[in-house]
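In what follows, a structure is listed as structure tokens, so that the remarks can point back to it.
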Amino acid sequence: MRKKSDGQIKICRLHDMLHEFCRTEASNKWLFQQMHLTSDQAIPSIQDKDTCRRLCIQPSILNQFLLDKPIAEHVRSFYCFSSEQKQIDLPPNDIKHIHKAFTLIRVLDVEPVKFLFSKDFNKLYHLRYVAISGEFKSLPPSFGKFWNLQTLVINTSTSESTLEVKADIWSLLQLRHFHTNIPAKLPAPATTTGKTSCLQTLSMVAPESCKKDVLAKACLLKKLSIRGQMASFLEPKGGISNLEELKCLEHLKLLNDVLYINKAIHLPPAFFRLVRTVKKLTLVNTRFSWSNANKLAQLEHLEVLKLKENAFIGDSWKPEIGGFSALQVLWIERSDLESWMASSLNFPILRHLVLISCDKLKAVPLGLADIHNFQEMRLDNSKEAVKSAKEIESKKPKFKLTIFPPETDSKDTVKVQRRGSRHRLCWDPGFIVAFRRCCIIVCAFMAHVLKDCFPSLTKNT
Numbered sequence: 001m002r003k004k005s006d007g008q009i010k011i012c013r014l015h016d017m018l019h020e021f022c023r024t025e026a027s028n029k030w031l032f033q034q035m036h037l038t039s040d041q042a043i044p045s046i047q048d049k050d051t052c053r054r055l056c057i058q059p060s061i062l063n064q065f066l067l068d069k070p071i072a073e074h075v076r077s078f079y080c081f082s083s084e085q086k087q088i089d090l091p092p093n094d095i096k097h098i099h100k101a102f103t104l105i106r107v108l109d110v111e112p113v114k115f116l117f118s119k120d121f122n123k124l125y126h127l128r129y130v131a132i133s134g135e136f137k138s139l140p141p142s143f144g145k146f147w148n149l150q151t152l153v154i155n156t157s158t159s160e161s162t163l164e165v166k167a168d169i170w171s172l173l174q175l176r177h178f179h180t181n182i183p184a185k186l187p188a189p190a191t192t193t194g195k196t197s198c199l200q201t202l203s204m205v206a207p208e209s210c211k212k213d214v215l216a217k218a219c220l221l222k223k224l225s226i227r228g229q230m231a232s233f234l235e236p237k238g239g240i241s242n243l244e245e246l247k248c249l250e251h252l253k254l255l256n257d258v259l260y261i262n263k264a265i266h267l268p269p270a271f272f273r274l275v276r277t278v279k280k281l282t283l284v285n286t287r288f289s290w291s292n293a294n295k296l297a298q299l300e301h302l303e304v305l306k307l308k309e310n311a312f313i314g315d316s317w318k319p320e321i322g323g324f325s326a327l328q329v330l331w332i333e334r335s336d337l338e339s340w341m342a343s344s345l346n347f348p349i350l351r352h353l354v355l356i357s358c359d360k361l362k363a364v365p366l367g368l369a370d371i372h373n374f375q376e377m378r379l380d381n382s383k384e385a386v387k388s389a390k391e392i393e394s395k396k397p398k399f400k401l402t403i404f405p406p407e408t409d410s411k412d413t414v415k416v417q418r419r420g421s422r423h424r425l426c427w428d429p430g431f432i433v434a435f436r437r438c439c440i441i442v443c444a445f446m447a448h449v450l451k452d453c454f455p456s457l458t459k460n461t
């Protein structure tokens, strides 16, 4: 199990045997049907076209499956997952048949497939969740007709630096989450009056899209990721001032794509006022001076701060006393920081510290050991700070310290986790009963999670 920096579960891994059991039980309970090659290398057909609602198929056999031109109008969810990064090219006619085969589909997740749009795709008005990949240069206007759409994930391999959104996403009153792997250029809303958008997540958008009328329409946003040229965006008259329209913003991510060698980038003095509701802030390659970090210390609700790829530059950082009153997680990655002075007066409730590729940092501030809530520290490729980190560990009995790469000295007490190992199980009757009960609990837990996360999907799919 992997957790997020704030302690929430991020990834849950299952043993192969447990995964196979859950998959079989899900198939027996008609939760979904997973299609893969049989022992005689044959492709199975849909078990019951009148009752099968969720269909999952391996990308390697998708082409052969579509050759039979199946028709399954009762299927509501169609998934195609792959652990490989390579996209699968299918003939255009085969991709078009996906649209024809599942006319009442509501969930379409086919990211491993190089997707193409067609006239039949535009008729899938019941779509609520769409995750697709392809060489998209723009989002066509036809997406403005998917009135039931709630989540849209677009991954494009185009050489363009941005994705132009031609569809009127502001007319999609149920759209809550919009994800792209390159910055999206959003259209201006047709009118500033009327019902506001239900958008809660925009990841990611170009800085030039952060106009006052756009953010006023998306005033309910909780998560916002902005990527592009930060220098002009952070100017007093730039788009940064429009963030005050977002009264519910909790997660903000700023990624700078362009380096200005002869021009310093500064946070505006009123930054804390513009994003005063933010709980999680991520800065990437912004190259601010460490003196600008004091402006972040004024964010009263900030709980997680991630500084990546030289978000701040300089060799020393001395935070002001009384700041970061709510900060629990501090993440510093790829920094040229050498000297850092801090204590419980600067980070009163800090719980988790992560230092990655901070190879110039001479020591972790020993004053952090006085923080009562300080429970965990992770050092990756920051060997100069290892000695001070161990000294902090010795002062806190239940402290968890993770160091990578691990030291080879046998006297050191650094714990190393073995990943991917398999252990032989003892198949006695008592173990089998306990194992089965565990599997049932896992299945029930996953069903509960799906119900809570996607109530509208699990109700009708």
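Using UniProt numbering, read the sequence shown as starting at 1 and increasing by one per residue. Just so you know, even glycine gets a beta-carbon here, dropped at the ideal spot from N, CA and C. Please read all numbers here as calculations on a predicted model, not as lab measurements.
DSSP places Lys400 in the uninterrupted beta strand (DSSP E) bounded by Lys400 to Phe404.
For Lys69, there is no enclosing beta strand (DSSP E), as DSSP marks it with neither H nor E.
Contact annotation: the segment 351-359 does not touch the segment 293-300, with fewer than three C-beta pairs closer than 8 Å. If the five residues before and after Lys100 are omitted, its C-beta is found closer than 7 Å to the C-beta atoms of Asp120, all from its own chain and listed in chain order.
Per the coordinates, the alpha-carbon of Arg334 lies some 41 Å from the alpha-carbon of Leu127. The Cβ atoms of Thr180 and Leu199 do not sit closer than 8 Å to each other. If only uninterrupted beta strand (DSSP E) runs of at least 3 residues are considered, those enclosed by the segment 316-350 are 329-333. Taking the Cα of Lys360 as reference, the smallest distance to any Cα among Trp331, Asp315 and Thr151 is reached at Asp315. CA-CA distance, Lys69 to Ile98, rounds to 9 Å. Under the three-state reduction of DSSP, Pro183 is assigned to strand.
For Cys80, the uninterrupted beta strand (DSSP E) segment begins and ends at Ser77 to Cys80.
A direct Cα-Cα distance of roughly 10 Å separates Phe65 from Pro59. Annotation: Pro236 is outside any beta strand (DSSP E) and is labelled neither H nor E by DSSP. Between the alpha carbons of Leu281 and Ala231 lies a distance of about 18 Å. For the set Pro397, Asn292, Lys383 and Leu221, the Cα lying nearest the Cα of Phe374 is the one of Pro397.
Look at Asp109 here: in three-state DSSP terms it is strand. For Asp213, the enclosing alpha helix (DSSP H) stretches over residues Lys212 to Lys217. A residue is called buried once 16 or more other Cβ atoms fall within 10 Å of its Cβ, and Tyr125, having fewer, is exposed. Around the beta carbon of Lys400, a 10 Å sphere encloses fewer than 16 other beta carbons of the protein chains shown; the residue is thus reported as exposed. Nearest to Val284 by alpha-carbon distance, out of Asn256, His266, Gly323 and Ile11, is Asn256. Burial state of Val165 is buried, judged by a 10 Å Cβ sphere holding 16 or more other Cβ atoms. Pairing Asn155 with Lys137, the inter-Cα distance amounts to about 11 Å. In this structure, DSSP gives Lys295 a helical state, which the three-state scheme calls helix. For Thr24, the secondary structure class from DSSP, reduced to helix, strand or coil, is helix. For Ile392, the enclosing alpha helix (DSSP H) starts and ends at Val386 to Lys395. Across the structure, Gly239 and Ala190 are spaced so that their CA atoms are roughly 20 Å apart. Of the residues assessed, Glu111 falls on the buried side of the cut-off, its CB having 16 or more other CB atoms within 10 angstroms.
Ile95 counts as buried, since no fewer than 16 other beta carbons sit within 10 angstroms of its beta carbon. Secondary-structure assignment with DSSP links Leu124 through no beta bridge to anything. Note on geometry: alpha-carbon atoms of Ser394 and Ala369 lie some 9 Å from one another.
Secondary structure of Ala231 (DSSP, three-state): helix. DSSP places Ala270 outside any alpha helix (DSSP H), giving it a letter other than H or E.
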